[in-house]
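Student: Following this message is one structure expressed as C-alpha cells.
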Amino acid sequence: MNVTGTIRQASKPMRTDTSKGAERGELPELAGRSPRVVTDGESLRQAVLAAHHAGQTVGLVPTMGALHEGHLSLVDAARAECDVAVVTIYVNPTQFAPDEDFQRYPRDLDRDLALLGDRGCDLAFVPANHEMYRPGHATFVDVGPIGEVLEGEFRPTHFRGVATVVLKLFQLALADRAYFGRKDYQQTLVVRQMVADLNVPIDVRVCPIVREPDGLPMSSRNAYLTPDDRRRAQALYRSLRLAEELAAEGERDVASIRQQMQRDIEGTGGVDVQYIAFVADGTLTPVETIAGPTTVAIAATVGKTRLIDNTLVSGNCSRGL
Ligand code: AMP
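Rendered as C-alpha cells:
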C-alpha cells in the first residue's frame, strides 16, 4: 500500500490473469487504474474544491471498506450522476459498542483500492483514527428518538457514532451528493434527518440492496459466517420473501404475516430473531395493517454474527392480475 499524508497516487494494484481486464483481453497493467488516495481531511477538501472550481459535481460514498458489490453499486451510482466519485474507507470506532467487532472488522485496503480502481472511483479518502477524531474530541450528533428503536434498541450508541462520522465526512468532502444503501434502512433515515435538521447542503441518495445469489444481502460481515451459519442465514431473506408473497396475495394483517415469518424462521433453527418490524416506508412508524408502501425490517443473530435485512411491500394486491 502506498499512501501518505498528502495527495498522491496509490501504488498500482496487483492484477492477476483472473482480473476483469484480463477477461476482456486487456493487458493486466492497463485494466482499471488506482484511485488517488488521500489520508488527511484538508487534502480531501482541496481536491473537492478544485473539482467544484472546474465546474464538476462530486459524489461521496462513505464505507468501512472490505468492499463488495453492494458498495461498488454505490460507486456506480455516484459515477453515473456525478463527474467525480469519492469513496471514503474508514472503520469508525464510535459506531461500535465495546463488545462489538471493531477490532476484528475485516480490513483489506489494497484489495479495496484495486476494486475501486476497476470501478473508476476517482478519489479514496482513507483517514487514520487521529485524523477523524483529534485528541479531546467531545462533540457528537444526538439523533433523538429515531436512533433509539429497532437497531438503536440493540445498539444504543450506534447511530450517534454513525451520524457523527457521516457529518464529519460531509464537512470534509463538501460533496454535492452522498450515496447510501437501502440495506441499512434505518441508517438512511438517520442520515436524511441529520441532513435536514442540521441544514447540511448535500443530496442524500439511497440505492437498492445488492444480494448474493442465495438472497443474503452482501455485507462485509458475511465473512464471519460459517458454512452452517450461512445456510441458516438464508431464513431471513426467505421470511422477507414470504412477507412479500403474503402481502401480494392480499394479506393485510401485520400480526398474521409476522407470525408466519417467525414460524418459518423457527423451522430453520439456530436463528435468534431480535425484531421483525413493519413500518410505513420512509419512516420508523409501526403499522398494524398494510395500507401502503411498507418496509419490513428484520434483525437476527446467526451463530455469533448479527445480520439485518429488509424489503418493501406494497398495499397493492397482485392476486388475479
Ligand atoms: P458499510 O461499509 O457497511 O458501512 O456500508 C457502506 C455503505 O454501503 C452503506 O451505505 C451501506 O448501506 C451500503 N451497503 C452495504 N451493503 C450493501 C448492499 N448489500 N447493497 C447495497 N448497499 C450496501
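What the sequence shown shows, in this note's numbering, is residues 1 to 321, in sequence order.
We put the beta carbon where it would ideally sit given N, CA and C, even for glycine.
Let me check understanding here. Comparing Cα to Cα, which of D122, V75, T63, Q95 lies closest to R33?
Tutor: Of the candidates D122, V75, T63, Q95, the one whose C-alpha sits nearest the C-alpha of R33 is D122.
Student: Going by alpha carbons, who is nearest to T39 out of A128, F102, T57?
Tutor: Among A128, F102, T57, the Cα nearest to that of T39 is on A128.
Student: Hey, I257 and A243: beta-carbon distance below 8 Å or not?
Tutor: Contact: yes.
Student: At the level of alpha carbons, what is the spacing between Y275 and A51?
Tutor: Computed Cα separation, rounded: 44 Å.
Student: What is the DSSP secondary structure of I257, counted as helix, strand or coil?
Tutor: Reduced to three states, the DSSP call for I257 is helix.
Student: Just to confirm, is the Cβ distance from T94 to T164 under 8 Å?
Tutor: In contact: T94 and T164 (Cβ atoms closer than 8 Å).
Student: With 16 as the cutoff for other CB atoms within 10 Å, does P156 come out buried or exposed?
Tutor: So P156 counts as exposed.
Student: Starting from V190, trace the alpha helix (DSSP H) both ways and give me its first and last residue.
Tutor: From DSSP, the alpha helix (DSSP H) with V190 extends over 185 to 197.
Student: Would you say the beta carbon of M218 is closer than 7 Å to some non-hydrogen atom of the ligand AMP?
Tutor: Yes, Cβ of M218 sits closer than 7 Å to a heavy atom of the ligand AMP.
Student: Return the chain-ordered ranges of every beta strand (DSSP E) run that is complete within the segment 95 to 161 and spans a minimum of 3 residues.
Tutor: Runs of the beta strand (DSSP E) inside the segment 95 to 161: 123 to 125.
Student: Go ahead and pull the three-state DSSP assignment for Q46.
Tutor: If DSSP states are grouped into helix, strand and coil, Q46 belongs with the helices.
Student: Can you give the beta carbon distance from P217 to D309, rounded, assuming they're within the 8 Å contact cut?
Tutor: Confirmed, Cβ separation roughly 5 Å.
Student: Quick one: what does DSSP say V210 is sitting in, helix, strand or coil?
Tutor: The answer is coil: DSSP assigns V210 none of H, G, I, E or B.
Student: In whole angstroms, give me the CA-to-CA distance for T226 and V48.
Tutor: Straight-line Cα distance between these residues: approximately 42 Å.
Student: So, under 8 Å CB-CB, E81 and R177 are touching, yes? Tell me the CB distance rounded to an integer number of Å.
Tutor: Rounded, the Cβ-Cβ distance is 6 Å, consistent with contact.
Student: When DSSP builds the beta bridges, which residues end up paired with Y179?
Tutor: Per DSSP, R205.
Student: Rounding to the nearest angstrom, what Cα-Cα distance links H130 and V206 in this structure?
Tutor: For H130 and V206, the distance between alpha carbons rounds to 29 Å.
Student: Is it the case that the CB of F125 approaches a heavy atom of the ligand AMP more closely than 7 Å?
Tutor: Not so, every heavy atom of the ligand AMP lies at least 7 Å from the Cβ.
Student: Check whether the Cβ atoms of P106 and A223 lie closer than 8 Å to each other.
Tutor: Taking 8 Å as the Cβ cut-off, P106 and A223 qualify as a contacting pair.
Student: Which residues in the same chain have their Cβ closer than 6 Å to the Cβ of D264, if we skip the five residues on either side of it in sequence?
Tutor: Hits under 6 Å: S239, L242.
Student: In whole angstroms, what is the alpha-carbon distance linking P201 and V195?
Tutor: Answer to the nearest angstrom: the Cα atoms are 7 Å apart.
Student: Assuming L284 contacts L189 under a Cβ cut-off of 8 Å, what Cβ separation, rounded to an integer in Å, is found between them?
Tutor: Rounded, the Cβ-Cβ distance is 6 Å, consistent with contact.
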